[in-house]
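Input: a single structure, listed below in C-alpha cells.
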Amino acid sequence: MNRRRRRVLEMEDKSHDKMNIDPTLANLRGNTANSLLMLFQRRKMYYVLLPAVLLLGIMRAAKNRTTKHPQVYRGLSWINERTISVKTLGETKFARCDLHTVRSEDGQSVFDDWLFLEEVNAVNVVVQTVEGKFVVFEQQKYAIPGKTLSPVGGFIDAGESPLTSAKREVLEELGLGSKATLSKGLQMVAPGVGVNDLTVEQMKNVIMQTAHPDEVESFPTSNPSKEIRLSTGNIPKMENDPDWIFLGRYRTAANRGAGFLYSYLLKNAVPLVPDGGTAQYVSEGDDESQSISFLSDDQMMEMISNGRFQEIKWAGTFALSLLHLRDGMPGCCIGQQSAGLCFGENCKS
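For what it's worth, full-length UniProt numbering labels the leading residue of the sequence shown as 1, then goes sequentially.
Quick look at the structure:
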C-alpha cells in the first residue's frame, strides 16, 4: 500500500473515532445544561416554597400547642336580656375578646358588631398603716408611658370572694393585714406565737378559713339577695373586721366590659409576717419590678392632684379612700340605695 493510500485510511479512521466520541460529548454537554437548568429551577422553587413551608410548620406547631395546652378564660361571662348571641374571637385564662350580637334598648334594631372584653374581676386596695401612712408602689406598666404610682391590686382567684382576694393580695404584696386577721392568725396557728413566727402560707390559710360562704363571687346567681350583697359589698363577714372598708364595685368599661373592680380601703394595717410593711419584705405573685413608698395624707392628696396614678381605677380607689377618711364618707353600698333599688327621699339606709 502506497504512502498516500495509507494516509487516507488513517484520516478516515481518525474521523470515525471522532464521530464515535462526539455524540457522547454532545450528550454530556446537553445533560449538563439540562442539569444546570433543572438545578436553577429547583433552587428557584426552593426559595419560593421555603417561606410557605416554614409558615405551615409554625401554624401546625401553634395548633398543636393550643390543642395540648388550651388557654381557656377562667372568669365569669356577661350576658343580659339584650344579648342575642356571643362569638369568641380569642381568649387567655385572664381575658377573652367576644363579638356580641345585641338588641338595642328600644328593641327596634340589632347590632352584630359589638366588641366585648371579658376580664377576670379584680380588686384594688388602698392600705393605710397603723401609723397613718399610705403604702404605694412605683412601677411601670405595659400600656402606661413612664412610671406610675399604684395601690395593691390583682385578679380574684377562682373560689375567692372579693374581700378574701383583697386580704390575700395585701398579704402577698406587703405582708400586712388587719388587726382582726392578725388576732385570728395568732390564735389559729399556735398559742403563744408572735408575728415573727408566722409565715405567708399560714396566714393565707387563716384568711381562707375565716372567709364567709356568702362572700364567694358568682354572677349570675339564682339568689337575688346574694347577688345584691355581692354587687354592693354588703357582706356580713365584713362587720367582724371594721378596718376593712368597701368602697364599691365598678364596671371598668360601661359598654365594652373589661371586668368589674372591687375597691377597698384597709385602715390601721399591721404586719402579719416578718418584715411586713417594710421595704425589706419580699412580695409574692408579681414579676414586675416595683419600689415601695410611704406617703402622708397631704402627700397622697398631692399625688392624686398631680395625676401620678395613671390608671383610672387606681385614681378612683385612692380618691374614694381620701373622701372616706377626710370627709367621713360612709362605706359604699349600705342598704337599698347602693343596689339601685331606690332613689332620693325614698331610699332607706
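Backbone N, C-alpha and C define an ideal beta-carbon position, used for all residues, glycine too.
Pick from the options that is closest to residue i, judged by C-alpha positions
i      : options                        : result
Leu295 : Pro145, Pro151, Lys141, Gln71  : Pro151
Thr317 : Val125, Ile292, Leu115, Ser291 : Val125
Met301 : Tyr264, Leu76, Ala319          : Ala319
Lys313 : Tyr281, Val273, Arg249         : Arg249
Val127 : Ile156, Lys141, Leu176, Ala158 : Leu176
Ala158 : Ala143, Glu288, Gly75, Pro145  : Gly75
Val195 : Asp275, Tyr73, Ala315          : Asp275
Val130 : Asp243, Leu89, Tyr73           : Asp243
Lys87  : Gln71, Asn80, Phe116, Ala279   : Phe116
Tyr264 : Gly90, Ala315, Lys93           : Ala315
Supposed contact pair residue j and residue i - C-beta distance, whole angstroms, cut 8 Å
i      : j      : result
Ala269 : Ser178 : 7 Å
Thr148 : Arg308 : 7 Å
Lys204 : Thr181 : Not quite, the Cβ-Cβ distance comes to about 11 Å (not below 8 Å), so this is no contact.
Trp114 : Gly257 : So it is not a contact: roughly 10 Å between Cβ atoms.
Ile210 : Val273 : The question names Ile, yet the displayed sequence has Thr at residue 210. Not really, about 17 Å apart at Cβ, beyond 8 Å.
Gln139 : Gln310 : About 10 Å separates the two Cβ atoms, so there is no contact after all.
Ser305 : Glu172 : Wrong, their Cβ atoms sit about 30 Å apart, outside the cutoff.
Thr101 : Gln71  : Contact doesn't hold; Cβ gap of about 24 Å is too wide.
Host beta strand (DSSP E) of residue i (start-end)
i      : result
Ile144 : 144-150
Ile292 : 290-295
Thr88  : 83-91
Asp98  : 95-103
Glu138 : 134-141
Thr252 : 244-253
Tyr262 : 257-271
Asn124 : 122-129
Leu115 : 110-119
Rounded straight-line distance, which links the Cα of residue j to that of residue i
i           : j      : result
Asp327      : Ser85  : 46 Å
Asp298      : Leu186 : 34 Å
Glu217      : Val123 : Because Glu217 carries a pLDDT of 48, less than 50, the predicted location of this residue cannot be relied on, and no value is offered for it.
Pro236      : Leu163 : Per-residue confidence for Pro236 stands at a pLDDT of 45, beneath the threshold of 50, marking its modelled position as unreliable; no derived number is given.
Arg96       : Val193 : 45 Å
Tyr262      : Glu118 : 16 Å
Gly233      : Phe246 : For Gly233, the pLDDT reaches just 48, beneath the cut-off of 50, and the residue's location in the model is therefore unreliable, leaving the point undetermined.
Gly277      : Phe260 : 28 Å
Cys347      : His324 : With a pLDDT of 41 at Cys347, under the threshold of 50, the predicted position of this residue should be treated as unreliable, though the coordinate-derived value follows. Roughly 21 Å between the two C-alpha positions.
Gly103      : Ser293 : One point to set straight first is that residue 103 is Arg, not Gly, in the sequence displayed. The straight-line gap from Cα to Cα measures roughly 48 Å.
Val170      : Asp112 : 42 Å
Val110      : Arg82  : 9 Å
Leu266      : Gln108 : 47 Å
Gln202      : Glu105 : 50 Å
Leu174      : Pro271 : 8 Å
Gly153      : Pro191 : 32 Å
Leu322      : Phe134 : 10 Å
Ala253      : Asp197 : 44 Å
Pro145      : Val189 : 44 Å
Ala279      : Phe137 : 11 Å
Leu89       : Asn80  : 20 Å
Phe94       : Tyr73  : 6 Å
Asn240      : Glu288 : 34 Å
Met303      : Tyr281 : 24 Å
residue 366 : Gly132 : Nothing in the structure corresponds to residue 366, since the chain is present only between 1 and 349.
Start and end residues, alpha helix (DSSP H) containing residue i
i      : result
Arg326 : 312-327
Thr199 : Where Thr199 is concerned, there is no enclosing alpha helix (DSSP H), given that its DSSP letter is neither H nor E.
Leu163 : 162-174
Ala179 : Note that residue 179 is Lys in the sequence shown here, rather than Ala. Counting along the chain, the alpha helix (DSSP H) containing Lys179 begins and ends at 179-189.
Burial state of residue i, where buried means 16 or more other Cβ atoms lie within 10 Å
i           : result
Asp98       : buried
Val120      : buried
Ile207      : buried
residue 367 : Only positions 1 to 349 of the chain appear in this structure, which leaves residue 367 out of reach.
Ile156      : buried
Tyr142      : exposed
Leu25       : With a pLDDT of only 45 at Leu25, under the threshold of 50, the placement of this residue in the model should not be trusted; the figure read from the coordinates follows. When all chains shown are included, Leu25 counts as exposed.
Ile21       : Because the pLDDT of Ile21 is 46, which lies under 50, any placement of that residue in the model is unreliable, and the number read from its coordinates should be weighed accordingly. Exposed, because fewer than 16 other Cβ atoms sit within 10 Å of the Cβ of Ile21.
Ser165      : buried
Within-8 Å CB hit, residue i to chain D
i      : result
Leu149 : Absence of chain D from the displayed structure is noted, only one protein chain being present.
Any non-hydrogen atom of the ligand ADP closer than 7 Å to residue i Cβ
i      : result
Gly132 : The model depicted lacks the ligand ADP and carries no ligand whatsoever.
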